[in-house]
Structure formats: C-alpha cells, structure tokens
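Asks:
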Amino acid sequence: MTTPPAVAPGDLLPPLELPPLTRATLALYAGGSGDHIPLHIDSDFARAAGHRDVFMHGMLGAAFLARVLTGWASQECLLEFQVRFQAITWPGEVLVATGTVEAVDDAGAATVAVELRTVAGETKITGRAVIDFTRIPGSS
Amino acid sequence: MIDRSIIGFSWGHWEVDIEVGRLRLLAKAMGETRPIYTDVAAARAAGYRSLIAPPTFAFCLLADSPVGSGYLADVGIPIAEVLHGEQHFTYHQLMCAGDRVRVTRQVADCYEKKGGALGFVVLESRITFAADDSLIATGRQVMVHRRRP
Numbered sequence: 017m018t019t020p021p022a023v024a025p026g027d028l029l030p031p032l033e034l035p036p037l038t039r040a041t042l043a044l045y046a047g048g049s050g051d052h053i054p055l056h057i058d059s060d061f062a063r064a065a066g067h068r069d070v071f072m073h074g075m076l077g078a079a080f081l082a083r084v085l086t087g088w089a090s091q092e093c094l095l096e097f098q099v100r101f102q103a104i105t106w107p108g109e110v111l112v113a114t115g116t117v118e119a120v121d122d123a124g125a126a127t128v129a130v131e132l133r134t135v136a137g138e139t140k141i142t143g144r145a146v147i148d149f150t151r152i153p154g155s156s
Numbered sequence: 142m143i144d145r146s147i148i149g150f151s152w153g154h155w156e157v158d159i160e161v162g163r164l165r166l167l168a169k170a171m172g173e174t175r176p177i178y179t180d181v182a183a184a185r186a187a188g189y190r191s192l193i194a195p196p197t198f199a200f201c202l203l204a205d206s207p208v209g210s211g212y213l214a215d216v217g218i219p220i221a222e223v224l225h226g227e228q229h230f231t232y233h234q235l236m237c238a239g240d241r242v243r244v245t246r247q248v249a250d251c252y253e254k255k256g257g258a259l260g261f262v263v264l265e266s267r268i269t270f271a272a273d274d275s276l277i278a279t280g281r282q283v284m285v286h287r288r289r290p
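Those protein sequence lines, which keep their order, are chains A and B. So that you can map any letter, position 50 of the first sequence is 66 in my numbering, and since no number is skipped, the others follow by simple counting. So that you can map any letter, position 131 of the second sequence is 272 in my numbering, and since no number is skipped, the others follow by simple counting.
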C-alpha cells in the first residue's frame with residue numbers, strides 16, 4: 017500500500033515545457049495514434065480547407081497534459097480525464113502543460129485542473145482530471 | 142439542418158492487438174521517455190505485463206475502427222470541416238502491450254449552435270478486454286462541424 021502524498025488545493029503539479037511544435041512531431045503522432053486525418057500532416061489539404069497550415073491533433077495536446085498527470089501520480093491512479101479544445105495550435109508554437117490541484121475529497125481523491133497554453137499565454141486546451149492515490153501502483 | 146436520425150447509430154465492435162512498436166512510436170511523438178512507457182524489460186521489472194498504454198491511447202483505438210476516419214462522413218461531417226471539441230475518459234484498468242481489446246462506438250447526441258454554423262456530434266465509446274469483456278475505459282467525444290460559408 018502506498019501512502020498518499022500530502023496534497024492540498026492550490027498545489028501546482030510539475031509543469032511540462034515542450035519544444036517548439038514541429039511538423040515532424042505531427043507526422044510521428046499521426047503514425048502512432050492512427051489518426052491520419054490530413055488536416056494535421058498535409059499542408060496542401062489544410063490550406064484547401066481554409067486553414068493557414070497543418071495544425072496539431074487536439075489529442076496530442078491532451079497527451080501532453082496526461083504526461084503532467086502521470087508524472088505526478090502513477091497512471092493507475094487516474095480515474096477521469098477530460099479536455100476541452102479551446103484554440104488551434106500551429107507549428108512553431110511553444111507550449112507549456114500545467115496542472116493545479118483544485119480539491120481533495122475525504123477519500124483522498126484529488127481533482128486537478130489542467131491547462132495547455134503557449135509561453136505567450138494563449139490557452140489552447142483546458143481540462144480536469146480525478147486522481148485517486150489509493151489505487152495501488154504496479155498491481156495491474 | 143442536422144440529421145438527428147443518426148442518434149443511436151453504432152459501428153459495432155472491433156478488436157485491436159496493442160503492439161509494442163506502436164506504443165513506442167506514440168511515446169516518441171509525445172516526448173515520453175520514461176522506461177515504463179518505452180522499455181518492455183523496465184516495465185516488467187516495475188510490475189507491469191509490458192509497456193503501459195498512455196491515457197490518451199483510449200482515443201487512438203478509435204482510429205482502428207474498420208471505417209477509420211470515415212466515421213466522420215457517416216455522421217455528416219466532411220473531414221475538411223472537422224474540429225475536435227471535447228474529449229472525456231473514465232478509466233477502470235490499465236492497457237498494456239500484448240493485450241487484445243474490444244472497442245465500440247456509437248452516436249449519443251447531435252445538435253447545432255450559432256444558427257447552424259456549428260454542428261456538434263457526441264460519440265460514446267467503450268473499451269474492454271477481448272478475453273473477458275471487463276471494462277477498461279469509456280470515452281465521450283464531441284466533434285464539431287464548422288461549416289464553411
């Protein structure tokens with residue numbers, strides 16, 4: 017049995033500072049995820065669709081937020097994770113993924129607000145997760 | 142006008158074998174370097190069956206549907222006009238490389254906003270182990286049809 021860490025509302029999770037987004041990363045994500053929608057990997061298609069360029073898969077941004085969560089608590093502890101995509105992310109943008117504890121219930125489950133934003137401060141994704149530290153790591 | 146008759150439509154189920162190579166490629170794309178996500182021996186040493194599939198892998202399994210991204214056309218959204226609005230997951234068990242899982246997805250709702258300029262389709266999915274149908278995760282996906290004028 018692991019001892020839950022002392023967690024309190026207002027605690028900041030260690031943030032994740034990402035390198036500038038590249039088209040190469042989008043291509044790798046398309047391959048690994050299986051999401052081959054051309055808006056993310058084919059500039060010609062994206063422009064014909066009225067976008068200025070290819071843009072990031074929303075779920076890649078969600079994956080960055082999930083890294084913040086699983087870097088803080090073992091993945092078994094993650095009960096719920098939800099995201100709302102607020103703005104499109106373009107190649108070259110520099111992102112920071114953050115998490116803040118909003119609440120801790122009597123059973124020890126923490127609600128965490130997550131946000132993916134640019135270093136310039138534009139919000140790209142907001143979301144929320146529920147983490148239960150009583151789920152035992154390594155028991156899968 | 143949005144076609145509400147799509148509510149309840151289901152693509153049936155499909156099964157996916159979770160592969161080490163796919164999880165490693167996904168980890169590379171995400172910038173994930175921790176050994177439980179990238180190194181099978183390290184994951185086993187940590188007590189797991191194999192590499193752990195990251196939380197968002199529950200969405201990747203939807204791409205493995207026999208229709209692929211064709212599900213968007215099935216609900217009336219042209220690929221050139223789609224945006225992902227929201228994604229929700231609940232998790233019950235971890236998935237690891239080597240697991241065979243079963244996936245289902247169906248249309249839960251659809252509606253319009255801004256006088257029809259934006260269409261919304263809500264899809265619900267469910268992932269279970271193929272061997273015993275025990276629940277791994279559920280998903281709720283909101284896709285946005287941003288109609289071009």
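Cβ coordinates follow ideal geometry from the N, Cα and C atoms, glycine included. All values reported here derive from a predicted model rather than from experimental measurement.
At a CB distance below 9 Å, what residues from the region 75 to 87 of chain A approach chain B? Give them in sequence order.
Replies: The residues in question are M75, L76, A78, A79, F80, L81, A82, R83, L85, T86 and G87.
Asks: Short check: CB of V128 (chain A) to CB of V146 (chain A), under 9 Å?
Replies: For the purposes of this step, residue 128 (chain A) is taken as the residue at position 112 of the first sequence. For the purposes of this step, residue 146 (chain A) is taken as the residue at position 130 of the first sequence. In terms of Cβ geometry, V128 (chain A) and V146 (chain A) form a close pair [threshold 9 Å].
Asks: Provide the residue span of the alpha helix (DSSP H) that contains I147 (chain A), from first to last.
Replies: In the first sequence, residue 147 (chain A) corresponds to position 131, counting from 1. Where I147 (chain A) is concerned, there is no enclosing alpha helix (DSSP H), although the beta strand (DSSP E) it sits in stretches over T139 to D148.
Asks: Kindly indicate which three-state DSSP category M17 (chain A) falls into: helix, strand or coil?
Replies: Indexing the first sequence from 1 puts residue 17 (chain A) at position 1. Its pLDDT being 40, under 50, M17 (chain A) is placed unreliably by the model, and nothing is read from it.
Asks: Report the three-state DSSP secondary structure of S155 (chain A) (helix, strand or coil).
Replies: For the purposes of this step, residue 155 (chain A) is identified with residue 139 of the first sequence, where counting begins at 1. Per-residue confidence for S155 (chain A) stands at a pLDDT of 43, beneath the threshold of 50, marking its modelled position as unreliable; the derived number appears in the next sentence. Note: S155 (chain A) maps to coil in three-state DSSP.
Asks: Of the residues that make up the region 24 to 53 of chain A, which ones have a beta carbon closer than 9 Å to any beta carbon in chain B?
Replies: Listed by position along the chain: L32, L34, P35, T41, L42, A43, L44, Y45, A46, G47, G48, S49, G50, D51, H52 and I53.
Asks: Please list the residues of the region 214 to 240 of chain B that have a C-beta atom closer than 8 Å to any C-beta atom in chain A, keeping them in chain order.
Replies: I220, A221, E222, V223, L224, H225, G226, E227, Q228, H229, F230, T231, Y232, Q234, L235 and C237
Asks: For the alpha helix (DSSP H) that T86 (chain A) lies in, which residues bound it at each end?
Replies: The sequence position of residue 86 (chain A) within the first sequence is 70, counting from 1. That run of the alpha helix (DSSP H) goes G74 to W88.
Asks: DSSP state of R100 (chain A), grouped into three classes?
Replies: Your numbering for residue 100 (chain A) matches position 84 in the first sequence. Of the three classes helix, strand and coil, the one that applies to R100 (chain A) here is strand, per DSSP.
Asks: Can you list the alpha helix (DSSP H) stretches of 4 or more residues lying completely in the region 161 to 197 of chain B, in chain order?
Replies: 161 to 171, 176 to 179 and 181 to 186
Asks: Against chain B, does E96 (chain A) count as a neighbour if the rule is that its beta carbon must be under 9 Å from one of theirs?
Replies: For the purposes of this step, residue 96 (chain A) is taken as the residue at position 80 of the first sequence. Yes, E96 (chain A) counts as interfacial toward chain B.
Asks: Mind listing the chain B neighbours of A126 (chain A)? Cutoff is C-beta to C-beta under 9 Å, in chain order.
Replies: Taking the first residue of the first sequence as position 1, residue 126 (chain A) is located at position 110. Neighbours of A126 (chain A) on chain B: none; closest Cβ ~15 Å, over 9 Å.
Asks: Does the Cβ-Cβ distance between I143 (chain B) and G280 (chain B) come in under 9 Å?
Replies: Position 2 of the second sequence, counted from the first residue, corresponds to residue 143 (chain B). Position 139 of the second sequence, counted from the first residue, corresponds to residue 280 (chain B). Taking C-beta atoms as the reference points, I143 (chain B) and G280 (chain B) fail to come closer than 9 Å.
Asks: Between A:F71, A:V99 and A:A46, which lies nearest to V130 (chain A) when the distance is taken from Cα to Cα?
Replies: Mapped onto the first sequence, residue 130 (chain A) falls at position 114. Minimum Cα distance to V130 (chain A) is reached at A:V99.
Asks: So if I threshold CB-CB distances at 7 Å, which residues from the region 196 to 207 of chain B count as touching chain A?
Replies: The residues in question are P196, T197, F200, C201, A204 and D205.
Asks: Out of curiosity, what's the CA-to-CA distance linking W155 (chain B) and G256 (chain B)?
Replies: Mapped onto the second sequence, residue 155 (chain B) falls at position 14. Mapped onto the second sequence, residue 256 (chain B) falls at position 115. So the two alpha carbons sit approximately 36 Å from each other.
Asks: Between the alpha carbons of S206 (chain B) and L213 (chain B), how many angstroms are there, rounded?
Replies: For the purposes of this step, residue 206 (chain B) is taken as residue 65 along the second sequence, with counting starting at 1. For the purposes of this step, residue 213 (chain B) is taken as residue 72 along the second sequence, with counting starting at 1. Taking the straight line from one Cα to the other gives about 12 Å.
Asks: Using 8 Å as the cut-off, classify the Cβ of L81 (chain A) as near or not near the heavy atoms of the ligand ADP, replying yes or no.
Replies: Looking for the ligand ADP in the displayed structure turns up nothing, as the structure carries no ligands at all.
Asks: Name the one or two DSSP bridge partners that T231 (chain B) has.
Replies: Reading the second sequence from its first residue, position 90 is the one you call residue 231 (chain B). T231 (chain B) pairs with A:E96 and B:T279.
Asks: May I ask which residues mark the beginning and end of the alpha helix (DSSP H) holding F61 (chain A)?
Replies: For this step, residue 61 (chain A) is matched to residue 45 along the first sequence. Its alpha helix (DSSP H) spans residues S59 to A64.
Asks: Within the 9 Å Cβ cut-off, does T18 (chain A) reach chain B?
Replies: If you number the first sequence from 1, residue 18 (chain A) lands on position 2. Unreliable positioning characterises T18 (chain A) in this predicted model, as indicated by a pLDDT of 48, which lies under 50. The coordinate reading is nonetheless provided below. Chain B places no beta carbon closer than 9 Å to that of T18 (chain A), leaving this residue out of the contacts.
Asks: With a threshold of 8 Å, are at least 3 pairs of Cβ atoms found where one atom belongs to the region 162 to 175 of chain B and the other to the region 35 to 48 of chain A?
Replies: yes
Asks: Checking contacts by CB at 9 Å: is A170 (chain B) closer than that to chain A?
Replies: Along the second sequence, one-based indexing puts residue 170 (chain B) at 29. Answer yes: the Cβ-Cβ gap between A170 (chain B) and chain A drops below 9 Å somewhere.
Asks: A103 (chain A) and T139 (chain A) look like a contact to me (Cβ under 8 Å); what is the Cβ gap, rounded to whole Å?
Replies: Locating residue 103 (chain A) in the first sequence gives position 87, where the first residue counts as 1. Locating residue 139 (chain A) in the first sequence gives position 123, where the first residue counts as 1. Separation of the CB atoms of A103 (chain A) and T139 (chain A) is rounded to 7 Å, and the pair is thereby assigned contact status at 8 Å.
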